[in-house]
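*Asks:*
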Amino acid sequence: MTRKKLVVIGAGMASGRALEHLFDADPDGWDVTLFNAEPRGNYNRIMLSPVLSGEKSYEEIVTHDETWYADHGVTYRFGEKVTEVDRIARTVTGENGTVDYDKLLIATGSNPFMIPLPGHDLDGVIAYRDLEDTNRMIDASATQGARAVVIGGGLLGLEAAAGLRMRGMEVTVVHLMGHLMDRQLDPAAGYLLRKDLERRGIDVRVSSNSKEIVGEDGKVKALVLEDGTELPCDLLVMAVGIRPNTALAAEAGLAVGRGIHVDDQMITSDENILSVGECIEHDGAVFGLVAPLYDQAKVVAATLTGRDAAFTPKELSTKLKVTGCDLFSAGDFAEGEGREDIVYRDPARGIYKRLVIENDRLIGAVMYGDTADSNWFFGLIQSGEDISEMRETLIFGPAYQGGAASDPLSAVAALPRDAEICGCNGICKGTITDAIAGGATDLGAVRAQTKASASCGTCTGLVEQVLQVTLGDDFQAPAAQPICGCCDLTHEDVRRLIKGRELKSQDAVWQELGWKTRNGCHVCRPAVNFYLLADWPLEYRDDPQSRFVNERKHANIQKDGTFSVVPRMWGGITNAAELRAIADAADKYDVPTVKVTGGQRIDLLGVKGEDLPFIWADLNEAGLVSGHAYSKGLRTVKTCVGTDHCRFGTQDSTGLGIKLEQILWGAWTPHKVKLAVSGCPRNCAEATCKDVGIICVDSGYQVGVGGAAGMDVKETERLVDVASEAEAIEWTTAFIQLYRENAKYLDRPYKWVAKVGLDWVKETLASADDRARLVAAFELSQSIYRKDPWADHAKQAERFQPLADLTLEAAE
Amino acid sequence: MSWIDICAIDEIPLRGARKLKTSHGCIAVFRTADNEVFATSNTCPHKGGPLSEGIVHGQSVTCPLHNWVFDLETGQARGETGKIATYPLKVEDGRVLIDGSGLTARDAA
């Protein structure tokens, strides 16, 4: 069978979803060529706001990665603009060549509308549309005291304002209408929203008309309002609306109005050309929210595979993706003849709910502060059922109907099968319960099978409740576990938020991330302490009181309460003077056991806590320093004798081991780190089961990472082959720093590499710039931590003694 | 009660502890982030871990050996049947005083 040729212009959310449906229905029928002017594939554009606020990273919002395109045989041409569509020859021409099609799908999306104010072309005036805009906002917020003005108090403008504010900018929102989000909210809810935003430090100006943008040296300096007010700013974001991007379609001679005209089957005025998404006009309407786009995508796939389907616009609901601002609106809530309002307010809690009823049917709802029942109300609006029976108690939600108990789950249990759970993807409760009955018993499986909660994610809790109601006690808690009972966030979330929101103290973390305890517990506090010191080496210092006893005391506690003392032997090399000092210390402090360790050094076991500062001082005297045998940091660098003595040795493995140990020692890491350097592939130093293991060969150095020889046994995987010792050191240091910046606390490198993928590690380190940055960041941190903790502690010997000895009192 | 001056409050690290030797065994003296002080037995009833070496969080300490968590006010172990002795303590003019009745060698004799 010959495959048909489909060309898609635009790799956005609508065309991406259409392709998914197409490949589901007909996996082998199509050769697809995908053009995108943006230099990347399909990502979840509506999640840019959490990226802006620092709550998510770009990687997390990628919908289709290269593997996905490859698996489905999609030829992608990203970063390439389409210059011409020839409908007679049925070809599409891009900057790098022409391709012919049987069917063409135009998904060129929309362009942000820029108000043609004087100065709108100044540097620093941007829209909020794509990743580039988001990154420009993030960059602008990095400057201390930077100010931003956002024109437009709609969904997008407010998400931009809240994100910039979370990044520390001074933000003013300028809105033309009398209240914020005037298309979705009534004035009362708009007022509460404004109050919430002002409480966050955002300056809100409604009924304000912009007059001109003034600049200096070609860069934006301030926005001047109609009334003469001047708002100084370093960044001006215009978020006043979008316009369907119809230029290409119009040039090709397709019928175009406000958008590209399509019929119910999403076919344009040319039978071989379909169109989908924000660029279309259907029955006089254009579209900006994601839910109808996904409905259209379904129809596109059906039309292409010869099935009957028709697009019918549905009621839409709106939620704002600003953490802490709960609002919901749906349907028609304008006042009018024959319409009745039911209003509920709780000023103390900032709650406002308003229902609009016409002919005993619910036709609109606006809620602020408490949106728990919003889906139930939305269901009533969509079904149009008669609500006269429950009119008295309607506003209190489903829990109060039919005498059901006010259990938080009962609202979900009460939802009918056709109640919509996921607004983005139009997934009803029945679809989810069917998937659950079919074996999808956790959030991930439901998401994979139905797409429910897979887009903006605000309905995740609701989907979990459906799981809980349907499965009862069989429901397993979601896999993403919070660090501990003190908070609701995962390790990964906390790391990202510490970076993104620039939290530089424990108290900032407890407060900003909503810790439920005064100062954490033994599980979360050591982790938070590490994340802070790894990300802010100069602003934050390691807190010994947040360290497990071994790291606080710089010695390993043994089961009888005594400690072990292990001095460092660089690369496993020692000499007679050091050995003599160790022997003397063993005598002087009655050390019961002296043991040679697997890391090529000597362990003095059974030292009393009170003696620690004195034995350290004695060892310091002989030039010996802490071996950090107790720390989540660099332990040992095991070596063989290499070219110095061995007839097989190819490089100076001992010398490299010593150099590495002298660079890395003292650094705190998420878990302990052990290295080894072998002088030839016979691998006498057992480098292939270390966190980083280097094997010397004639041509240079093979650097392997992610080995293990503990509870798990695992061979290292090759990170890189390099020719020189300096490169081996650079790659090793950069790898350790990457691990410090990204891994979860208590994940050894092999566990971390398994999570992020060796390919990602390799890609990141392949860039010379990134390696240089990582090495510099590591050196900055080492300017604080590359020193002997024993020498510090030996000076405070009194801390190691009991406070007082009341047993002696009788003798006085 | 007979109050014995054992140390200045600053000699105990914030969110930390020091050890006090008595003829009835070691006592751990804790200082919380909010500058409250508590005295309890230094010995975990589970496997004898030294509680003065544990991580102090809120009004609790976690034993360094197997992570049993004790309420410093009551001595009760969280989620376990086990309890440690607690001792009256007070702070006056920046000095920490412990009730010595029952603790000194004289009482043991």
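Chains as they are written, first to last, in my numbering: chain E, 1 to 812; chain C, 1001 to 1109.
Even for Gly, the Cβ is constructed at its ideal location relative to N, Cα and C.
This one's a predicted model, so the numbers in the text were calculated from it and none came from an experiment.
1) Using the three-state DSSP reduction, which class does residue 43(E) fall into: helix, strand or coil?
2) Excluding five sequence neighbours on each side, which residues of the same chain lie with their C-beta closer than 7 Å to the C-beta of residue 246(E)?
3) First and last residue of the alpha helix (DSSP H) that includes residue 163(E)?
4) Return helix, strand or coil for residue 428(E), following the three-state DSSP convention.
5) Indicate whether at least one CB of chain C lies closer than 7 Å to the CB of residue 822(E).
6) For a contact defined as C-beta to C-beta under 9 Å, what are the partners of residue 557(E) on chain C?
7) Specify whether the stretch 14 to 31 of chain E and the stretch 117 to 130 of chain E touch according to this definition: at least 3 beta carbon pairs, one from each stretch, less than 8 Å apart.
8) What residues in the stretch 1003 to 1021 of chain C have a beta carbon less than 9 Å from any beta carbon of chain B?
9) Using a threshold of 7 Å, state whether the C-beta atoms of residue 667(E) and residue 701(E) are closer than that.
10) Touching or not, the stretch 649 to 662 of chain E and the stretch 757 to 766 of chain E, by the rule of three or more beta carbon pairs under 8 Å?
11) Give a yes or no on whether the minimum CB-CB distance between residue 521(E) and chain C is below 7 Å.
12) Compile a chain-ordered list of the residues in the stretch 543 to 572 of chain E whose CB is closer than 9 Å to at least one CB of chain C.
13) Using a Cβ-Cβ cut-off of less than 7 Å, give me the residues of the stretch 1020 to 1048 of chain C that come near chain E, in sequence order.
14) Rounded to a whole number of angstroms, what is the C-alpha to C-alpha distance between residue 1103(C) and residue 1023(C)?
15) Going along chain E in order, which residues have a C-beta closer than 9 Å to the C-beta of residue 1058(C)?
16) For residue 789(E), would you say it is in contact with chain C, using Cβ-to-Cβ distances shorter than 7 Å as the test?
17) Between the beta-carbon of residue 277(E) and the beta-carbon of residue 109(E), is there less than 7 Å?
18) In angstroms, rounded to a whole number, what distance separates the CA positions of residue 628(E) and residue 35(E)?
19) Since residue 11(E) and residue 42(E) should fall inside the 8 Å C-beta cutoff, what is the C-beta to C-beta distance between them, to a whole number of angstroms?
20) For residue 1031(C), does the three-state DSSP call read helix, strand or coil?
21) List the whole-angstrom C-beta distance separating residue 425(E) from residue 294(E), where the pair is believed to meet the contact cut-off of C-beta under 8 Å.
22) Can you say whether residue 789(E) is buried or exposed, counting buried as having 16 or more other CB atoms within 10 angstroms of its CB?
23) For the ligand NAD, I want to know if residue 283(E) counts as a neighbour, meaning its beta carbon is within less than 6 Å of at least one of the ligand's heavy atoms.
24) Can you give me the Cβ contacts of residue 637(E) inside the same chain, cut-off strictly under 6 Å, excluding the 5 residues immediately before and after it?
25) Could you tell me which residues DSSP pairs with residue 224(E) in its beta bridges?
26) Work out the CA separation of residue 448(E) and residue 200(E) for me, nearest whole Å.
27) Under 8 Å, with one C-beta from each stretch per pair, do the stretch 1047 to 1065 of chain C and the stretch 515 to 529 of chain E reach the 3-pair mark?
28) Could you check the C-alpha separation between residue 405(E) and residue 745(E) for me, to the nearest Å?
29) List, in chain order, every chain C residue whose beta-carbon is nearer than 7 Å to that of residue 805(E).
30) My guess is that residue 1033(C) and residue 1018(C) are in contact by the Cβ rule of under 8 Å, so how many angstroms apart are they, rounded?
31) For residue 1100(C), I'd like the list of residues in its chain whose CB is within less than 6 Å of its CB, leaving aside the five on either flank, ordered along the chain.
32) Report the neighbours of residue 802(E) on chain C: residues whose CB is nearer than 8 Å to its CB, in chain order.
33) To the nearest angstrom, how far is it from the Cα of residue 9(E) to the Cα of residue 254(E)?
34) Taking DSSP as the reference, what is the three-state secondary structure of residue 652(E)?
35) For a test of the three-state rule: what should DSSP assign to residue 288(E), helix, strand or coil?
*Replies:* The structure says:
1) Looking at residue 43(E) - three-state DSSP - the assignment turns out to be strand.
2) These residues qualify, in order along the chain: 256, 259, 260, 279.
3) Where residue 163(E) is concerned, the enclosing alpha helix (DSSP H) stretches over 155 to 166.
4) Strand at residue 428(E).
5) An answer regarding residue 822(E) cannot be provided, because it is not within the stretch 1 to 812 covered by chain E.
6) What residue 557(E) touches in chain C: 1049, 1050, 1053, 1064, 1065.
7) These segments do not touch.
8) Going by chain labels, chain B is absent from the structure shown, which instead holds the protein chains E and C.
9) No Cβ-Cβ contact shorter than 7 Å links residue 667(E) with residue 701(E).
10) The stretch 649 to 662 of chain E, when compared against the stretch 757 to 766 of chain E, does not touch it at the 8 Å Cβ threshold.
11) Yes, residue 521(E) lies at the interface with chain C (some Cβ there is under 7 Å from its Cβ).
12) Those residues of the stretch 543 to 572 of chain E that come within reach of chain C (Cβ to Cβ, closer than 9 Å) are 543, 544, 545, 546, 547, 548, 549, 550, 552, 553, 557, 559, 560, 561.
13) Of all residues in the stretch 1020 to 1048 of chain C, only 1020, 1021, 1022, 1023, 1029, 1033 come within less than 7 Å of chain E when Cβ atoms are compared, listed by chain position.
14) Going from the Cα of residue 1103(C) to the Cα of residue 1023(C) covers about 7 Å.
15) Within chain E, 517, 518, 519, 520, 521 have C-beta atoms less than 9 Å from the C-beta of residue 1058(C), given in sequence order.
16) Chain C, which has no Cβ nearer than 7 Å to the Cβ of residue 789(E), makes this no.
17) Going by C-beta atoms, residue 277(E) is nearer than 7 Å to residue 109(E).
18) Going from the Cα of residue 628(E) to the Cα of residue 35(E) covers about 55 Å.
19) Distance from residue 11(E) to residue 42(E) at the Cβ level is roughly 5 Å; contact confirmed, criterion being Cβ atoms closer than 8 Å.
20) In this structure, DSSP gives residue 1031(C) an extended state, which the three-state scheme calls strand.
21) By a beta-carbon distance limit of 8 Å, residue 425(E) contacts residue 294(E). Their separation comes to about 5 Å.
22) Residue 789(E) should be labelled buried.
23) What this structure holds is no ligand at all, so the ligand NAD is not there to describe.
24) Closer than 6 Å at Cβ, skipping near neighbours: 571, 657, 660, 661, 675.
25) Beta-bridge pairing links residue 224(E) to 212(E), 230(E).
26) If you take the alpha carbons of residue 200(E) and residue 448(E), they lie about 36 Å apart.
27) Segments in contact, yes.
28) Bear in mind that the predicted position of residue 405(E) carries a pLDDT of just 41, short of 50, making it unreliable; the figure below should be weighed with that in mind. If I take the Cα positions, the gap works out to 43 Å.
29) For a Cβ distance threshold of 7 Å, residue set 1021 of chain C lies close to residue 805(E), ordered along the chain.
30) In this structure residue 1033(C) is not in contact with residue 1018(C), their Cβ atoms being roughly 16 Å apart against a cut-off of 8 Å.
31) In chain order, 1002, 1004 place their CB closer than 6 Å to the CB of residue 1100(C), counting only its own chain and leaving out the 5 sequence neighbours on each side.
32) Here the neighbours are 1018, 1019, 1020, 1021, 1026.
33) Separation of residue 9(E) and residue 254(E) (C-alpha to C-alpha, rounded to the nearest whole angstrom) is 15 Å.
34) In this structure, residue 652(E) counts as coil in the three-state DSSP scheme.
35) Residue 288(E): coil per DSSP, three-state reduction.
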